[in-house]
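Protein sequences appear in the order of chains A and B. Per UniProt numbering, residue 1 is the first one in the first sequence, and the count goes up by one each step. Per UniProt numbering, residue 1 is the first one in the second sequence, and the count goes up by one each step. Glycine included, C-beta positions come from ideal geometry on N, C-alpha and C. Here's the structure we're looking at; comments come further down.
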Amino acid sequence: MAKYMTLLWGSGSPPCWRVMIALEEKNLQGYNQKLLSLEKLEHKSKELLAINPRGQLPTFKHGDNVLSESYAVCFYLESQFKSQGTKLIPDGPAEQALMYQRMFEGLTFYEKLNVRNKEALVTELRLWEGYLQKLGSGSYLAGPSFTLADVVVFPTVGTVFRFGLSPERYPKLGEYHNLLKERPSIRASWPPHWLESPKGLDTLKDI
Amino acid sequence: MAKYMTLLWGSGSPPCWRVMIALEEKNLQGYNQKLLSLEKLEHKSKELLAINPRGQLPTFKHGDNVLSESYAVCFYLESQFKSQGTKLIPDGPAEQALMYQRMFEGLTFYEKLSKYYYSSEPQTLKRNKEALVTELRLWEGYLQKLGSGSYLAGPSFTLADVVVFPTVGTVFRFGLSPERYPKLGEYHNLLKERPSIRASWPPHWLESPKGLDTLKDI
């Protein structure tokens, strides 16, 4: 199955990372992949624009099916490969509702990270800190199990700590980050250039 | 089932409309609902902030489950009520892939519309208008490729139509020209007759049938 899949991606891009985590979780290692340089604007190359007019990464192909929206890929993989790997959508209504809610709030979280409005980002971080506080230690975003909510939101959490967020100021997020960074799918898909230079940035050190 | 559901909504809000279409499609009519006035900032009232700290509409409750993200509600309803009403997620991989792809592109479509609608400075207005035109042409192209009478993901009505139609309804309400965007116009005409869409049509649009002409010339 994985041999009929191709992923075009960029290192450190949270949307790309979501897809890579999902592929690992569904036991689809061995997919074909091409790492493009975001800095060199390779995502705006003719080759990519030919399959994806929006010129965005990730771009994922499975046979003739082309998907260039990370959440779309994640949902598609869980649906098509429901019977293999980790079960990423729980059955229980309460857990499911919480998972879907956090997944879509995750889009807002990622958006606030990209906009230069520190106050908005702090408000957002405090919300997530609160969500984790309410669930208790060792919990995932939607409860006791790892779900699609973690697949799509962890890359944003990984990024804020890469950018120097203080785990002393955000202890619950710090705990969640420590818990998930050891997960095999996340270790396997950790951005290569972060491994090359382990010391991150300190953009978010003081917020 | 519907009696244990409550929807807090605003008239003409595409995210709210998505949820209402989904509820109709899953035969969950009879849910409790409260129409809030966006103009009077009722969505920032203490009552709403108590259940939803982001103070957003729609806010949907099903028993103890509170959802305030329209896509989350749509997915939740399809999953929880899979066996009733319209099947909103097709089984076939190709149709499914296209459905998910268009659903998430639908967020970009709505964003481009909102950005243009809310921009005021001449520089950003011009840039946002161009971005919206580019977006509209993409969707016109998508519908062109699928052929007349098609839904966004192919021959069947799916979640992609549930979440994207409200944006399409809005652009035509704002005066978009069906002559310039004939495929979108066709799609709009096809869907506005669908029972779930008629049933959830924004009340204030029915009260004043003549829309705006913000998008008349784009």
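Among the bridge pairs identified by DSSP, residue 140 (chain A) is matched with A:143. Across the set B:19, B:157 and B:198, the C-alpha of B:157 shows the shortest separation from the C-alpha of residue 91 (chain B). Sequence-distant partners of residue 215 (chain B) (beyond 5 residues in either direction) whose C-beta falls short of 7 Å from its own C-beta, in its chain, are 171, 174, 175 and 176. Classified as buried, residue 131 (chain A) has 16 or more neighbouring CB atoms from the shown chains inside 10 Å of its CB.
Under the 8 Å criterion on CB atoms, residue 142 (chain B) is classed as non-interfacial with respect to chain A. The three-state secondary structure of residue 178 (chain A), taken from DSSP, is helix. Around the beta carbon of residue 62 (chain A), 16 or more other beta carbons lie within 10 angstroms, which makes this residue buried. From the listed residues A:180, A:171, A:126 and A:189, the smallest Cα separation to residue 33 (chain A) is found for A:189. A distance below 8 Å between beta-carbons, with the five flanking residues on each side excluded, links residue 103 (chain B) to the following residues of its chain, in chain order: 71, 159, 160, 163 and 164. A Cβ-Cβ contact shorter than 8 Å links residue 2 (chain A) with residue 31 (chain A). Secondary structure at residue 27 (chain B): coil, using DSSP grouped into helix, strand and coil. Beta-carbon to beta-carbon, residue 88 (chain A) and residue 25 (chain A) are separated by about 6 Å, close enough to satisfy the 8 Å threshold. Using a C-beta cut-off of 8 Å, the region 124–132 of chain B makes no contact with the region 187–194 of chain B, since fewer than three inter-stretch Cβ pairs fall below that distance. Annotation for residue 66 (chain A): 51, 52, 59 and 60 place their beta carbon closer than 8 Å to its own, counting only its chain and skipping 5 residues before and after. When the five nearest sequence neighbours on each side are left out, the beta carbons in the same chain lying within less than 6 Å of the beta carbon of residue 119 (chain B) are those of 125 and 128, in order along the chain.
Listed along the chain, the chain B residues whose CB falls inside 9 Å of the CB of residue 93 (chain A) are 62, 63, 65, 76, 79 and 80.
Annotated as distal: residue 181 (chain A) and residue 129 (chain A), with beta-carbon spacing of 8 Å or more. Sequence-ordered contacts of the UniProt domain "GST C-terminal" (92–212) of chain B with chain A read 93, 94, 96, 97, 98, 99, 100, 101, 102, 103, 104, 105, 107, 108, 138 and 141 [C-beta pairs closer than 9 Å].
As DSSP reads the structure, residue 114 (chain A) sits in no beta bridge. DSSP places residue 159 (chain A) in no beta strand (DSSP E) but in the uninterrupted alpha helix (DSSP H) bounded by 148–162.
Taken in chain order, the complete alpha helix (DSSP H) segments of 4 residues or longer contained in the region 82–129 of chain A are 93–114.
Using a Cβ-Cβ cut-off of 8 Å, residue 65 (chain A) counts as an interface residue toward chain B, since at least one Cβ of chain B sits closer than that to its own. The DSSP-derived three-state label of residue 1 (chain B) is coil. Chain B has no Cβ within less than 8 Å of the Cβ of residue 142 (chain A). Beta-bridge partners assigned by DSSP to residue 34 (chain B): B:8.
In the displayed model, residue 59 (chain B) falls within a strand according to three-state DSSP. Closest by C-alpha distance to residue 81 (chain B), out of A:39, A:79, A:70 and A:93, is A:93.
Taking a contact to require three or more Cβ pairs closer than 8 Å, the region 1–15 of chain B and the region 58–67 of chain B qualify as touching. Collapsing the DSSP output to three states places residue 1 (chain A) in coil.
The C-alpha of residue 67 (chain B) lies about 31 Å from the C-alpha of residue 184 (chain A). The beta carbon of residue 35 (chain A) is closer than 8 Å to those of 9, 10, 11 and 192 in its chain, skipping five residues each way along the sequence. In this model, residue 55 (chain A) and residue 49 (chain A) are separated by some 5 Å (Cα to Cα).
Exposure of residue 126 (chain A) is indicated by the presence of fewer than 16 other C-beta atoms within 10 angstroms of its C-beta. The beta carbon of residue 13 (chain A) is closer than 7 Å to those of 38 and 57 in its chain, skipping five residues each way along the sequence.
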